[in-house]
Amino acid sequence: MGALHGGSIKELSLYTCNINDITTLENFTLPHLEFLDLENNCIQSIPSLETSCENLQRLSLVSNYIENEGCRSIAKLIQKERPPVRRLYLDSNRIGDDGAEILCSSLKFNSTLEFLNLERTLLEERGCVAFLKILCDVSSINNTYNSNHTLRDISLPVSINDKIN
Numbered sequence: 005m006g007a008l009h010g011g012s013i014k015e016l017s018l019y020t021c022n023i024n025d026i027t028t029l030e031n032f033t034l035p036h037l038e039f040l041d042l043e044n045n046c047i048q049s050i051p052s053l054e055t056s057c058e059n060l061q062r063l064s065l066v067s068n069y070i071e072n073e074g075c076r077s078i079a080k081l082i083q084k085e086r087p088p089v090r091r092l093y094l095d096s097n098r099i100g101d102d103g104a105e106i107l108c109s110s111l112k113f114n115s116t117l118e119f120l121n122l123e124r125t126l127l128e129e130r131g132c133v134a135f136l137k138i139l140c141d142v143s144s145i146n147n148t149y150n151s152n153h154t155l156r157d158i159s160l161p162v163s164i165n166d167k168i169n
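Position 39 (the sequence shown) corresponds to 43 in this note's numbering; numbering is contiguous.
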């Protein structure tokens, strides 16, 4: 990992490496890293990446063990908007309605995230409604105006899409 520090790496894929803890990433500076692929590991939570990966735009945590605690750490990341994550892949995780509400609370004022994938998660109707309120809260004119207008593409579990339509 020492070779990574300060490097000009733009994409780093640690796919299926049986990783369960990535807190050591906080100790490295990867100023040019734009895409971090941690797909198919055993990760439950992510560290603060605001100083180590200040240019991170795409983060893939597909097929990990993300639950509520992991959603809290992800919420902190997207709430700060540093790094400016634009695409977040969380599909095939253990994210349920509580996790969805945690993520939604951080998206209220986020202006960088454009794509969020939550397919093959444990979301039910309550979690889906939380995302709909973030995207377009029609409870008042003010709330509609203050809705998140940056997040343009969100993929929810197929079972939820069937229930809504």
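Positions of the beta carbon are idealized from the N, C-alpha and C atoms, including for glycine. Since the model is a prediction, treat every value here as computed from it, not as a measurement.
Is DSSP giving residue i helix, strand or coil here?
i      : result
Phe113 : coil
Phe32  : coil
Asp41  : strand
Ile158 : strand
Who are the Cβ neighbours of residue i in its own chain at under 6 angstroms, not counting the five residues just before and after it?
i      : result
Gly103 : Asn72, Cys75
Phe39  : Glu15, Arg62
Glu128 : Asp101
Val77  : First, the amino acid is wrong: residue 77 is Ser here, not Val. These residues qualify, in order along the chain: Ser49, Ile50.
Among the options, which residue has its Cα nearest to the Cα of residue i?
i      : options                        : result
His153 : Arg124, Glu129, Cys132, Phe119 : Phe119
Leu106 : Pro87, Val133, Val89           : Rather than Leu, the amino acid found at residue 106 in this sequence is Ile. Of the listed residues, the one whose Cα sits closest to Ile106 is Val133.
Val33  : Ile82, Thr116, Pro87           : Looking at the sequence itself, residue 33 is Thr, so the reference to Val does not match. The option with the nearest alpha carbon to Thr33 is Pro87.
Asp25  : Ile138, Cys46, Ser67, Leu40    : Cys46
Ser12  : Thr27, Leu60, Tyr19, Ser49     : Leu60
Thr28  : Ile145, Asn44, Ser49, Ser143   : Ser49
Tyr18  : Leu126, Asn31, Asn146, Asn44   : The sequence given here has Leu at residue 18, not Tyr. Nearest C-alpha to Leu18: Asn44.
Lys84  : Cys108, Glu54, Arg91           : Glu54
Could you round the C-beta distance between residue i and residue j to whole angstroms and report it? I think they count as a contact, below 8 angstroms.
i     : j      : result
Ser52 : Lys80  : 7 angstroms
Leu65 : Glu123 : Contact flag wrong, Cβ pair sits at about 13 angstroms.
Asn22 : Leu42  : The pair is not a contact, with the Cβ atoms about 11 angstroms apart (cut-off 8 angstroms).
For residue i, which residues from the same chain have a beta carbon less than 8 angstroms from its beta carbon, with the 5 sequence-adjacent residues on both sides left out?
i     : result
Val89 : Leu60, Gln61, Arg62, Leu63, Leu81, Ile82, Thr116, Leu117
Ile70 : Ile47, Gln48, Ser49, Ile78, Leu94, Asn97, Arg98, Ile99, Gly103
Could you pull out every residue in the same chain whose Cβ sits closer than 7 angstroms to the Cβ of residue i, ignoring the five residues on either side in sequence?
i      : result
Leu111 : Ile82, Leu117, Ile138, Asn152, Leu155
- Unbroken stretches of the alpha helix (DSSP H), 4 residues or longer, contained in the segment 59-138: 72-84, 101-111
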